[in-house]
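Colleague: Note that our numbering has the sequence shown beginning at 875, numbered continuously upward.
Quick one: this structure, given as structure tokens, is what I'll be asking you about.
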Amino acid sequence: MTSRHLVVTGGAGFIGSALVHHIIEHTDDIVTVVDSLTYAGNRASLEGLPRTRVRLEVQDITDALEMDDIIRDADAVIHCAAESHNDNSLADPSPFVQTNLVGTYTLLESVRRHGVRLHHVSTDEVFGDLALDDPQRFTETTPYHPSSPYSATKAGSDLLVGAWVRSFGVRATLSICSNNYGPRQHVEKFIPRQITNLLDGVRPRLYGTGANVRDWIHADDHAAAVLRILDAGEIGETYLVGADGERSNREVVRAILRHMGRAEDDYELVADRPGHDLRYAIDASRLCDELGWTPRYGDFEAGLEDTIRWYRENEDRWRPQKAATEAMYRAAGQ
Ligand code: NAD
Ligand code: TDX
């Protein structure tokens, strides 16, 4: 196998670090992580990786000169850096516009200047939501209809990528994935928040009635899909990534409570998220049929148990973020 030099933006975040761990385990590639270490980034997420193969550059992706320096020698850029949390985008959209739109624009200009291949990581939230009983799931032809400042900036960044492919011949692919779970996710997100609340003796918090549905996939399966698209995806194409993991938030909380030895109804209903998307669901058949990808974590309950174990065993990783995160939720009545 020939070794490539991959740049992974946002590689100290949840999915970016899952990707870097996956690359190191499954390829001979070397990786430069570009991450500005916002509140969501954590150096510790790269611990245990060989220094000969993984280098961290603490830089902001909106810095064009720094990006040029890093990208000019790369074989490909995998773009995961983003402001990623919907609730934060409702409180203050400005970093979302800056990183997700201006940051993606900056990277596009850099890969254009240097003729470097790009893979852009996006989210199913760009499609808006589905009715609970809609027989259709999202596909590559579903129109964009984002609901929140977060998903609107992700949708805008996807459109920029498409325009740079068509107008400037940039060699880019795009993946759109459903909700990820697994180790090293920030405690602001749904599953880690509930697990760490329970470890702190606090009841899980469900927005609204808990009826909203998300389509869960393990972050390592997402990482494998991204690498497969980088290797075999057609330039200019979009691939949807999902693992048939639809569950209501209430079902997920009940499963967490069960795995942590608590009564399944021991949760609290709290104020709903404004504009809360009802349901996401991904049809990943194009990725499976054309590129031969299949998820390894078919069993959500087993993946969830592993995830709970990781939070139990790695309190030092999440404890520093927990109090400030819960203070933010308390202020919002959640
Ligand atoms: P995350 O918030 O855990 O990580 C984002 C990382 O980007 C952090 O390490 C942060 O420090 C870094 N970053 C933020 N702004 C930056 C900037 N201006 N310059 C450099 N680095 C910066 O997010 P995540 O959940 O890992 O999401 C990664 C990507 O995957 C995002 O593009 C997101 O839209 C997409 N995605 C996420 C999910 C999910 O369920 N989490 C699902 C589908 C797609
Ligand atoms: O305490 C909570 N209680 C609750 O009921 C939290 C934090 C969330 N929720 C609900 C809101 C959502 O319906 O759980 C669901 C999942 O919430 P989040 O973890 O905030 O994820 P979501 O808004 O669905 O977006 C996620 O998936 C798509 C990621 O955060 C995005 O980065 C990704 O693009």
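Here a beta-carbon is modelled for each residue, glycine too, at the ideal position from N, C-alpha and C.
Helix or strand or just coil, what does DSSP make of Asn962?
Modeller: The residue given as residue 962 occupies position 88 in the sequence shown. Note: Asn962 maps to helix in three-state DSSP.
Colleague: Any idea what DSSP makes of Cys1162, helix, strand or coil?
Modeller: As a position in the sequence shown, residue 1162 is number 288, starting the count at 1. In this structure, Cys1162 counts as helix in the three-state DSSP scheme.
Colleague: Can you round the beta-carbon distance between Ile952 and Glu931 to whole angstroms, since I take them to be within the 8 angstroms contact cut?
Modeller: Along the sequence shown, read from residue 1 onward, the residue named residue 952 stands at position 78. Along the sequence shown, read from residue 1 onward, the residue named residue 931 stands at position 57. Not really, about 14 angstroms apart at Cβ, beyond 8 angstroms.
Colleague: Secondary structure at Asn1071, three-state DSSP: helix, strand or coil?
Modeller: Residue 1071 sits at position 197 when you count from the first residue of the sequence shown. DSSP places Asn1071 in helix when its eight states are reduced to three.
Colleague: Touching or not, the region 1146-1160 and the region 1177-1193, by the rule of three or more beta carbon pairs under 8 angstroms?
Modeller: The answer is no - the region 1177-1193 does not touch the region 1146-1160, with fewer than three Cβ pairs under 8 angstroms.
Colleague: Compare the C-alpha of Arg1191 against each of Arg1121, Thr980, Met1134 and Pro1057 and name the closest.
Modeller: The count along the sequence shown starts at 1 and reaches residue 1191 at position 317. Comparing Cα-Cα distances from Arg1191 to each of Arg1121, Thr980, Met1134 and Pro1057, the minimum goes to Pro1057.
Colleague: What residue range is occupied by the uninterrupted beta strand (DSSP E) comprising Ala950?
Modeller: Sequence index remark: in the sequence shown, residue 950 carries index 76 (1-based). Element bounds for Ala950: Ala950 to His953.
Colleague: If the criterion is Cβ atoms closer than 8 angstroms, does the pair Ile1065 and Val1126 meet it?
Modeller: Within the sequence shown, residue 1065 is the residue found at index 191, counting from 1. Within the sequence shown, residue 1126 is the residue found at index 252, counting from 1. Yes.
Colleague: Please determine, among His1133, Trp1038 and Gly1084, the residue with the shortest C-alpha to C-alpha distance to Phe1073.
Modeller: On the sequence shown, position 199 is the one that residue 1073 refers to. The sequence as given places Leu at residue 1073; Phe does not occur at that position. Taking only the C-alpha atoms, the option nearest Leu1073 is His1133.
Colleague: Report the rounded CA-to-CA distance for Pro1023 versus Phe1001, giving the unit in angstroms.
Modeller: Taking the sequence shown and counting its residues from 1, the one referred to as residue 1023 is at position 149. Taking the sequence shown and counting its residues from 1, the one referred to as residue 1001 is at position 127. Approximately 13 angstroms, taken between the alpha carbons.
Colleague: Residues in the same chain with beta-carbon distance under 6 angstroms from Val1035, minus the five sequence neighbours each way, listed in chain order, please.
Modeller: Here the question's residue 1035 lines up with position 161 in the sequence shown. Around Val1035: His994, Ala1046 and Leu1048.
Colleague: Is Gly1177 close to ligand 1? I mean its beta-carbon at under 7 angstroms from any heavy atom of the ligand.
Modeller: Reading the sequence shown from its first residue, position 303 is the one you call residue 1177. Not so, every heavy atom of ligand 1 lies at least 7 angstroms from the Cβ.
Colleague: Where are the alpha helix (DSSP H) runs, 4 residues long or more, that stay fully inside the region 1147-1199, in chain order?
Modeller: Taking only runs of at least 4 residues, the alpha helix (DSSP H) segments lying wholly in the region 1147-1199 are 1159-1165 and 1174-1187.
Colleague: With burial defined as no fewer than 16 other Cβ atoms inside 10 Å of the residue's Cβ, what is the status of Gln1010: buried or exposed?
Modeller: On the sequence shown, position 136 is the one that residue 1010 refers to. Gln1010 is exposed by the Cβ-count criterion.
Colleague: Could you tell me whether any non-hydrogen atom of ligand 2 is closer than 7 angstroms to the CB of Arg1088?
Modeller: If you number the sequence shown from 1, residue 1088 lands on position 214. Answer for Arg1088: yes, Cβ within range of ligand 2.
Colleague: Give the C-beta separation of Glu1161 and Ile897 to the nearest angstrom, bearing in mind that I take them to be a contact with Cβ-Cβ under 8 angstroms.
Modeller: Working through the sequence shown from its first residue, we reach residue 1161 at position 287. Working through the sequence shown from its first residue, we reach residue 897 at position 23. Here residue 1161 turns out to be Leu, not Glu, going by the sequence shown. Rounded, the Cβ-Cβ distance is 18 angstroms, inconsistent with contact.
Colleague: Hey, Ile1050 and Leu1114: beta-carbon distance below 8 angstroms or not?
Modeller: Mapped onto the sequence shown, residue 1050 falls at position 176. Mapped onto the sequence shown, residue 1114 falls at position 240. Against a cut-off of 8 angstroms, the Cβ pair of Leu1114 and Ile1050 comes out as a contact.
Colleague: Alpha carbon to alpha carbon, how far is Ala914 from Glu1062?
Modeller: Walking along the sequence shown from the start, residue 914 turns up at place 40. Walking along the sequence shown from the start, residue 1062 turns up at place 188. Ala914 and Glu1062: Cα-Cα distance of roughly 9 angstroms.
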